[in-house]
Amino acid sequence: NAGVMQNPRHLVRRRGQEARLRCSPMKGHSHVYWYRQLPEEGLKFMVYLQKENIIDESGMPKERFSAEFPKEGPSILRIQQVVRGDSAAYFCASSPPRTLTNTEAFFGQGTRLTVV
Amino acid sequence: QQQVKQSPQSLIVQKGGISIINCAYENTAFDYFPWYQQFPGKGPALLIAIRPDVSEKKEGRFTISFNKSAKQFSLHIMDSQPGDSATYFCAATQSYNTDKLIFGTGTRLQVFP
Numbered sequence: 001n002a003g004v005m006q007n008p009r010h011l012v013r014r015r016g017q018e019a020r021l022r023c024s025p026m027k028g029h030s031h032v033y034w035y036r037q038l039p040e041e042g043l044k045f046m047v048y049l050q051k052e053n054i055i056d057e058s059g060m061p062k063e064r065f066s067a068e069f070p071k072e073g074p075s076i077l078r079i080q081q082v083v084r085g086d087s088a089a090y091f092c093a094s095s096p097p098r099t100l101t102n103t104e105a106f107f108g109q110g111t112r113l114t115v116v
Numbered sequence: 117q118q119q120v121k122q123s124p125q126s127l128i129v130q131k132g133g134i135s136i137i138n139c140a141y142e143n144t145a146f147d148y149f150p151w152y153q154q155f156p157g158k159g160p161a162l163l164i165a166i167r168p169d170v171s172e173k174k175e176g177r178f179t180i181s182f183n184k185s186a187k188q189f190s191l192h193i194m195d196s197q198p199g200d201s202a203t204y205f206c207a208a209t210q211s212y213n214t215d216k217l218i219f220g221t222g223t224r225l226q227v228f229p
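Chains as they are written, first to last, in the working numbering: chain E, 1 to 116; chain V, 117 to 229.
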């Protein structure tokens, strides 16, 4: 059972370009979360999605950022017109359908975005 | 109220010693408290977790102590090993809500032989 797969592992974009980060959850997992980690800081929640639905986007910047989790295919985090401040590690986590006792989320290895 | 405060920022421990990392929270609705271990260039991995109905949970060399009245919880690593050198994050969530994790700022642990 493969873990959470993120690609690319490293992404370099010039200011003003678009960045697309992909996340394939673990098999059987229908919940996907995106987190951002700035250098020397903890992870900050961005968005929580289920298939074809955004459940909680309270951590997403109001502009330039969007996320989707289509019926087929990976979840995509899209950053338009990137700026230097977007440089960070972006982590995806997935979890199975929630039960009363199971809350564990499994993280991917992250995509390190560098804006030059 | 959504914050989780973690200390210390960094910790140096001799091999065989005890590493202790502390976290505090404000939101009494939090009901699940995991600890994550992260090695450089890797994603966080769940180490151990606790719910507020117990005051302590032990798994091997790792123990969580939980103080509900003080809204504090801590990670103890017994017999610390150089392989434990990593960054540790505490987190909290309302598992009946959206499951989003609120992370502490992390503790960089270095264990010297």
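All C-beta atoms, glycine included, are put in the ideal place defined by N, C-alpha and C.
Proximal residues to E:V121 (C-beta, below 7 Å), its chain only, five neighbours per side dropped: In this structure chain E extends from 1 to 116, so residue 121 of chain E is not present and cannot be described.
Label E:V32 either buried or exposed according to how many other C-beta atoms from any shown protein chain fall within 10 Å of its C-beta, with 16 as the threshold for buried. The count along the first sequence starts at 1 and reaches residue 32 of chain E at position 32. Counting Cβ neighbours within 10 Å, E:V32 comes out buried, since at least 16 surround it.
Would the stretch 191–207 of chain V and the stretch 85–100 of chain E be scored as touching if the rule is three or more Cβ pairs under 8 Å? no
Using a Cβ cut-off of 7 Å, pull out every chain E residue sitting near V:G222, in sequence order please. Residue 222 of chain V sits at position 106 when you count from the first residue of the second sequence. What V:G222 touches in chain E: G42.
Use the C-beta contact count for E:Q50: other C-beta atoms within 10 angstroms, 16 or more gives buried, fewer gives exposed. On the first sequence, residue 50 of chain E is found 50 positions in, with the first residue counted as 1. Flag for E:Q50 reads exposed.
Compute the Euclidean distance between the alpha carbons of V:T144 and V:K184, then round it to the nearest angstrom. Stepping through the second sequence from its first residue, residue 144 of chain V is reached at position 28. Stepping through the second sequence from its first residue, residue 184 of chain V is reached at position 68. Rounded to whole angstroms, V:T144 to V:K184 spans 9 Å at the Cα level.
Check distances from the C-beta atoms of the stretch 33–63 of chain E to those of chain V and list, in chain order, the residues that come in under 7 Å. Y33, E41, G42, L43, F45, Y48, I55 and D56
Comparing alpha-carbon positions, which option in V:V227, V:K216, V:T223 and V:S181 lies nearest V:S123? For the purposes of this step, residue 123 of chain V is identified with residue 7 of the second sequence, where counting begins at 1. Checking every option, the nearest Cα to that of V:S123 belongs to V:T223.
The stretch 132–139 of chain V in contact with the stretch 55–65 of chain E per 3-pair CB rule at 8 Å: no
Taking the alpha carbon of E:E18 as the reference point, which residue from E:Q109, E:E104 and E:S87 has its own alpha carbon closest? One-based indexing of the first sequence puts residue 18 of chain E at position 18. When only C-alpha atoms are compared, the closest one is E:S87.
Can you list, in chain order, the stretches of the beta strand (DSSP E) that have 3 or more residues and sit fully within the stretch 31–111 of chain E? 31–37, 43–50, 53–56, 65–68, 75–79 and 88–95
For V:G159, decide whether its Cβ has a neighbour in chain E, counting only Cβ atoms nearer than 8 Å. Here the question's residue 159 of chain V lines up with position 43 in the second sequence. For V:G159, the answer is yes, since a Cβ of chain E falls inside 8 Å of its Cβ.
From V:L163, V:Y148, V:P160 and V:P156, pick the residue whose C-alpha is nearest to that of V:V170; which is it? Taking the first residue of the second sequence as 1, we reach residue 170 of chain V at position 54. With distances taken between Cα atoms, V:V170 lies closest to V:Y148.
What residues of chain V sit near E:G110, judged by a beta carbon separation below 7 Å? For the purposes of this step, residue 110 of chain E is taken as residue 110 along the first sequence, with counting starting at 1. Here the neighbours are G159.
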